[in-house]
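A.B. asks: First the structure, then my questions, so here it is.
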């Protein structure tokens, strides 16, 4: 029985734990979800929710595509540079998805759990664009499992080269 339970942990067959939270670190039902959201005590991945607000999602947006891309590039670079102070970033994603549980989320996977823990601790005492940051450790280990739409990935340098 224990082997079976271990094999379904975090999958849609698991009726106790939320598979969406396990895969993407967020759930559209939030605290009202009927399944458990098991928050990790240790993780290489952090989540900083609701940071990026894509101006093109505003019906009254008058910015050009180039202006919107520059805005995104600035936020991406700000966070990449700042998070790199805590350690080597193996992967970073910014969600450009309009789902309330994903909109503007920034995910970063560090090489070591300690680096991620230090980043969370420090970021929770910081502000960005006049708003407090609320960072947390995330259960996400494989970004290919996520069903969110990524706006970009990689380092700022590789993104500028068209990667």
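In the UniProt record's numbering, the protein residues as written are 1 to 163. The beta carbon of each residue, even a glycine, is placed where N, CA and C say it ideally should be.
1) The ligand MG and residue 26: does any heavy atom of the ligand fall closer than 7 angstroms to the residue's C-beta?
2) Would you check if the distance between the CB atom of residue 55 and the CB atom of residue 71 is smaller than 8 angstroms?
3) Mind checking whether residue 48 and residue 123 have CB atoms under 8 angstroms apart?
4) On the premise that residue 44 lies in contact with residue 113, defined as a C-beta separation below 8 angstroms, what is that separation, rounded to the nearest angstrom?
5) Excluding the five sequence neighbours on either side, which residues of its own chain have a C-beta within less than 6 angstroms of the C-beta of residue 51, listed in chain order?
6) Between the alpha carbons of residue 39 and residue 115, how many angstroms are there, rounded?
7) What's the gap between the Cα of residue 66 and the Cα of residue 73?
8) Taking the beta carbon of residue 130 as the centre, do at least 16 other beta carbons fall within 10 Å, making it buried, or is it exposed?
9) Return the CA-CA distance between residue 76 and residue 23, expressed in angstroms with no decimal places.
10) Given a cut-off of 8 angstroms on the beta-carbon distance, is the pair residue 46 and residue 94 in contact?
11) When the Cα atoms are used, what is the spatial distance from residue 142 to residue 26?
12) Would you please state the rounded distance, in angstroms, between the beta carbons of residue 83 and residue 108? I believe it to be under 8 angstroms.
13) Judging by CA-CA distance, which residue of 36, 35, 32, 53 is the nearest neighbour of residue 166?
14) Express the C-alpha separation of residue 140 and residue 92 in angstroms, rounding to a whole number.
15) If residue 41 and residue 86 are in contact, beta carbons under 8 angstroms, what's the gap, nearest whole angstrom?
16) List the residues that DSSP assigns as beta-bridge partners of residue 45.
C.D. replies: This is what the structure holds:
1) With respect to the ligand MG, the structure shown offers nothing to examine, as it has no ligands at all.
2) Cβ atoms of residue 55 and residue 71: closer than 8 angstroms.
3) Cβ atoms of residue 48 and residue 123: closer than 8 angstroms.
4) Contact holds; Cβ gap of about 5 angstroms.
5) Within the same chain, residue 51 has close Cβ partners 104, 106.
6) Cα to Cα, the separation comes out at about 17 angstroms.
7) Looking at the two C-alpha atoms, the distance is approximately 10 angstroms.
8) Exposed, by the Cβ-count rule.
9) CA-to-CA, the gap between residue 76 and residue 23 works out to about 22 angstroms.
10) Against a cut-off of 8 angstroms, the Cβ pair of residue 94 and residue 46 comes out as no contact.
11) Approximately 14 angstroms, taken between the alpha carbons.
12) Going by Cβ atoms, the distance from residue 83 to residue 108 rounds to 5 angstroms, so yes, they are a contact pair.
13) As shown, the chain starts at 1 and ends at 163. That puts residue 166 outside it, with no answer to give.
14) Annotation: residue 92 to residue 140 spans about 12 angstroms, alpha carbon to alpha carbon.
15) Contact between residue 41 and residue 86 is absent: CB atoms are separated by about 18 angstroms, not below the 8 angstroms threshold.
16) Residue 45 has 109, 138 as its beta-bridge partners, per DSSP.
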